[in-house]
Every structure is written in C-alpha cells, then in structure tokens.
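Novice:
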Amino acid sequence: MDEESEASGGNALSNPCNPPQLPNMCLCLFRSELLSLLKTYNCYHEGRSFQLRHHEEEGALIIEGLLNISWGLRRPIRLQMQDDRERVHLPSTSWMPERSSYLPKDASPQDCKVTTEEPSTQPANKAEMSRDSSGPLEEEEEVPQLMRTKSDASCIIQRRPRPRAPGEAQKIRRHRYSINGHFYNHKTSVFTPAYGSVTNVRVNSTMTTQQVLTLLLNKFRVEDGPSEFALYIVHESGEQTKLKDCEYPLISRILHGPCEKIVKIFLMEADLSEEVPHDVAQYIKFEMPVLDSFVEKLKEEEEREIIKLTMK
C-alpha cells in the first residue's frame, strides 16, 4: 500500500537564528551543529534508505529524506471512496495480458496509460494489486507499512487479468476503488491501523507539522482532515510531547537522534491524546503497589506537616 510521496517545500532552513524558518527548539542551533547531528544520523542508518540528503538552495540548507511515523490511533479512520487519479478503461477487445498492449487499430498510444482491474474471488482477507503502466518505479522502503486490521487488503496477491463482460465489469467497479494501486471493497473502507505499526513519507526540513500530516493522509487517501490528528514525540520513558503546527518534524527527528527505540514520532487523534511531562512519565512504568506506597508516604508526610502547623 506504499507509494513514496514527494516532498513539497515551505520556507527554507537557512539562518538558524531566524524564528520564522526554524522551530523553537532549533533557534540557537548553528548550521555546523545541525550538520554534525545529520552526520551521526546517517552513520546510524548507513547502507539503508533512511539516510538523509542535504543541499543548498539560494544559501538555504535543505535536508530531505524518509521520515518514519508510527500509528497510534484509537478510533477507526475512513478511506476515500474515490481515488484522485483519473482512470481510463479500455474496451474488452484491448485486454492487456501481463501488461502487454493489444490495442485496436484506432487506439492511440496515449490510450495505453490505464490500470486493469480484476475483482477478488478470494475470501474477505484477500485483495489484489494493480500497477499503473505509466507510473515510475518507486524506491523500496524497508519498513512494513500500514497494517490493516479490518480490511480485505491485509493480504496482497497478483493475478493475471481476464476479460469481463462490460456489464459485469461496471458492476464490480461500483463496489471497488483504488488507493495507490491497491483495490479495496467499499464495505471495509473503515479500519483501525495496528497500533505501533510504522509507515514513512518523504519530507524535507522546510515542511511543518501540518504539511507532513496532510502528506501522510493523502498518501493513504484518508478521508479525515489533518486538523483531527497530531504528531507526538514519544520517549521510551513514556514522556510525550506534541509537535506544534509550526514545528518541523524532520528537524525534530534529527535533534532527538536516529534510534527509534528511544524516541518515536506517533500519529494520534488530536482530541484523544495529551502531553505527558517528564515528571509524570517517570512514574508511569511503576507497578500499582509501588505507586500506592508512594501515596501512603505522601499522606504520612502531609499529616506530620498538619500537626506541626496546629501546634504553632
């Protein structure tokens, strides 16, 4: 279900002391320090597709590459019923086995840019993948992407298309739609991604949190708007910090280091999630008996203070 998304820019990362161009955490970060952190980041991902590239545009430093985002949703999300790509279907006489072109004489070469559809004849947990013959080859991404838990797209198989009667094909198309080349039944378009599963998008250092959210939702054709979601920096300790709309997720990733066992970026619902400060996070992993003992100690200390005050 993964198709790399192209990054689109905003303001360039140039002067680290320019507030409109950098998040607050990065205001005092000099370019040399950022490049040093970037070098460490790339050494960690050496030999993998997650290394970041950088270049300059009109004196501005631009960093770009893949950004991992973990799914942390509690509510189901809904996929769009229609793909935004224009799809052209050839008549049954121009069926293309194994992506070869067999066209009538009056068909132009442009008519070849189609995606053939084949309905699923397997149980509900099977789906098909259809590739656009005009689409470019995508860079391989190493991470398992969106894991569907309530959809017929959890298992993808390739099948050779076979000709269908026009009426039958039209009926099938009314109940199926495509997202990035994968077909899903409209009855199972609502699902909850597996918690903690990882996807990624191609971004650059000029993209704000809102832009990254929009890019991610568009990648999976999610019907819900970006205002309903938020990105959180989640530490291994349980500390959880929300990225502001004006912050830059890729810069935040670099500043927190490359190891995702220590820090991850999570996509969560804006109204169901909240920040967890460090002082609170340090108690999260304690067992309840230990926490109860803390409460008892605090109560005893409070009673002693009350006695001292009353004696005065």
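My numbering applies: residue 1040 is where the sequence shown begins, and numbers increase by one.
Note that beta-carbon positions come from the ideal geometry of N, C-alpha and C, so glycine has one too.
Might you give, ordered along the chain, the residues of its own chain that have their beta carbon closer than 6 Å to the beta carbon of L1105, omitting 5 neighbours on each side?
Specialist: Cβ within range, chain order: F1089, N1239 and R1241.
Novice: Specify the secondary structure class of I1345 as computed by DSSP and reduced to three states.
Specialist: helix
Novice: Classify Q1321: buried if its beta carbon has 16 or more other beta carbons within 10 angstroms, exposed otherwise.
Specialist: exposed
Novice: With DSSP run on the structure shown, which of helix, strand or coil describes H1094?
Specialist: Per DSSP, reduced to three states, the secondary structure at H1094 is strand.
Novice: In terms of alpha-carbon separation, which member of L1270, L1074, Y1234 and I1116 lies closest to F1259?
Specialist: I1116
Novice: Suppose contacts are defined by Cβ-Cβ distances below 8 Å. Is L1077 in contact with I1293 by that definition?
Specialist: yes
Novice: Which residue comes first and which comes last in the alpha helix (DSSP H) that contains K1258?
Specialist: T1248 to K1258
Novice: Whose C-alpha, out of E1341, L1282 and M1327, is nearest the C-alpha of E1314?
Specialist: When E1341, L1282 and M1327 are compared, the shortest CA-CA separation from E1314 is found for L1282.
Novice: Please go through the same chain and pick out, in chain order, the residues whose beta-carbon is closer than 6 Å to the beta-carbon of Q1303, but skip the five residues on each side of it.
Specialist: With the sequence shown as reference, residue 1303 is identified as Lys, and Gln is not the correct amino acid for it. The answer, listed in chain order, is S1109 and V1273.
Novice: Round the Cβ separation of E1275 and T1248 to the nearest angstrom and send it over; I've been treating them as touching at under 8 Å.
Specialist: Wrong, their Cβ atoms sit about 22 Å apart, outside the cutoff.
Novice: Under a Cβ-count criterion, where at least 16 other Cβ atoms within 10 Å of its own Cβ denotes burial, should L1311 be classed as buried or exposed?
Specialist: Counting every other CB atom within 10 Å of its CB across the protein chains shown gives L1311 a total below 16, marking it as exposed.
Novice: Return the bridge partner residues of F1089 from the DSSP annotation.
Specialist: Beta-bridge pairing links F1089 to no other residue.
Novice: As a quick exercise: from T1253, T1349, Q1250 and N1257, pick the residue whose alpha carbon is nearest that of Q1119.
Specialist: N1257
Novice: Give the straight-line distance between the Cα atoms of H1317 and L1306, rounded to the nearest whole angstrom.
Specialist: 20 Å
Novice: Which residue's Cα is closest to the Cα of L1365: S1244, F1268, E1262 and T1245?
Specialist: In the structure as shown, the chain begins at 1040 and stops at 1351. Residue 1365 is therefore absent and cannot be evaluated.
Novice: Can you name, in chain order, every residue of its own chain whose Cβ lies under 7 Å from the Cβ of K1324, other than the five neighbours on each side?
Specialist: Excluding sequence positions up to five before and after K1324, its CB lies within less than 7 Å of the CB of G1277, all in the same chain and listed in chain order.
Novice: Please name the residue in E1299, P1297, K1336 and M1246 whose C-alpha comes closest to that of D1284.
Specialist: M1246
Novice: Can you tell me the Cβ-Cβ gap for R1113 and E1308, rounded? I've got them flagged as a contact below 8 Å.
Specialist: Taking a contact as a CB-CB distance under 8 Å, the pair R1113 and E1308 counts as one, their CB atoms being some 6 Å apart.
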